[in-house]
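Here the structure comes first, spelled out in structure tokens, and everything after it is commentary.
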Amino acid sequence: MKFMCPLLTVKDIDKAKAFYTEVLKQEIATDIGPNVTFGNNDFALQAGFDTLLINQEGFKSTYGGNDHELYFEVDDYDAIEAHLQTFDNIDYVHQTKTYPWGQRVVRIYDVDKHIIEIGENMIVVFHRFVDEGLSMEEISKRTMYPVEAIKGMLQQ
Numbered sequence: 009m010k011f012m013c014p015l016l017t018v019k020d021i022d023k024a025k026a027f028y029t030e031v032l033k034q035e036i037a038t039d040i041g042p043n044v045t046f047g048n049n050d051f052a053l054q055a056g057f058d059t060l061l062i063n064q065e066g067f068k069s070t071y072g073g074n075d076h077e078l079y080f081e082v083d084d085y086d087a088i089e090a091h092l093q094t095f096d097n098i099d100y101v102h103q104t105k106t107y108p109w110g111q112r113v114v115r116i117y118d119v120d121k122h123i124i125e126i127g128e129n130m131i132v133v134f135h136r137f138v139d140e141g142l143s144m145e146e147i148s149k150r151t152m153y154p155v156e157a158i159k160g161m162l163q164q
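So the sequence shown is numbered by the numbering used here: it starts at 9 and just counts up by one.
The structure is reproduced here in structure tokens:
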């Protein structure tokens, strides 16, 4: 068995597609109407999910459960933060936070109230700490990554 991708149920596939392509800049890989796959099978959206489960009496999709999220990373966090501010209708879970390990993160809701986390790529965080003069041991202590892992990632 091979895991393929997470699938999010959506109410309106066109609104959901617009959000993921315009706000999150994701590329559609396959669009077959009510089912849209992004990237290299990174995730999929499905409209009409309830009707696919014909023999499941009483089944109803729910939204806004705050029990999962899709996680995205960006190299240029300032650019995505500025990009999000160009939209009037972004529903924020929270604005940018900097976590103790140095990573900046924002969380927003998509149009169906699924949580979207956008985090700064940790390699960028490592480079920032190097530029600030932190030693590998100090970076390791702050980020909880092993020194060897940090060194390897910095060479990418």
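Ideal Cβ placement from N, Cα and C applies to all residues, glycine included.
In angstroms with no decimal places, state the Cα-to-Cα distance between V44 and V138. Using only the alpha carbons, I get a separation of about 41 Å.
So if DSSP puts V113 in a beta bridge, which residue, or which two residues, is it bridged to? Looking at the DSSP assignment, V113 forms a beta bridge with K105, G127.
Cβ pair count under 8 Å reaching 3, the stretch 149-161 against the stretch 112-127: Between the stretch 149-161 and the stretch 112-127, the count of Cβ pairs shorter than 8 Å is below three; the stretches do not touch.
T45, DSSP secondary structure in three states: T45 falls in the strand class under three-state DSSP.
For F134, count the other beta carbons within 10 Å of its own beta carbon; 16 or more makes it buried, fewer makes it exposed. Which is it? F134 should be labelled buried.
If the criterion is Cβ atoms closer than 8 Å, does the pair F57 and T17 meet it? Contact: yes.
Spatial neighbours of Q164 in its chain, beta-carbon cut-off 8 Å, leaving aside the 5 residues before and after: The residues I131, in chain order, have a CB closer than 8 Å to that of Q164 in the same chain once the five nearest residues on each side in sequence are set aside.
Would you grab the beta carbon distance between I123 and H76 for me? Rounded to a whole angstrom, and I think it's under 8 Å. The Cβ separation is near 7 Å, so the contact holds.
Ends of the alpha helix (DSSP H) at D22? First-last of the alpha helix (DSSP H) with D22: 21-26.
Here's a check: name, in chain order, each residue in its chain whose Cβ is nearer than 7 Å to the Cβ of K121, leaving out the five neighbours to either side. Within the same chain, Cβ atoms closer than 7 Å to the Cβ of K121 are found at Y71, G72, the five residues on either side in sequence being excluded.
Between which residues of its own chain and M144 is the CB-CB distance below 8 Å, once the five residues before and five after are set aside? Result list for M144: V155, I158, K159, in chain order.
By Cβ distance below 6 Å, which residues in the same chain neighbour K23 in space, the five residues on each side in sequence not counted? Exclusion of the five residues before and after K23 leaves V119 as the residues of its chain whose Cβ lies within less than 6 Å of its Cβ.
In or out: L15 buried (at least 16 other Cβ within 10 Å) or exposed? Exposed, because fewer than 16 other Cβ atoms sit within 10 Å of the Cβ of L15.
Please list the terminal residues of the continuous alpha helix (DSSP H) segment that includes E156. 155-162 is the span of the alpha helix (DSSP H), which, as asked, contains E156.
In the DSSP assignment, the alpha helix (DSSP H) including D58 goes from what residue to what residue? DSSP places D58 in the uninterrupted alpha helix (DSSP H) bounded by 57-60.
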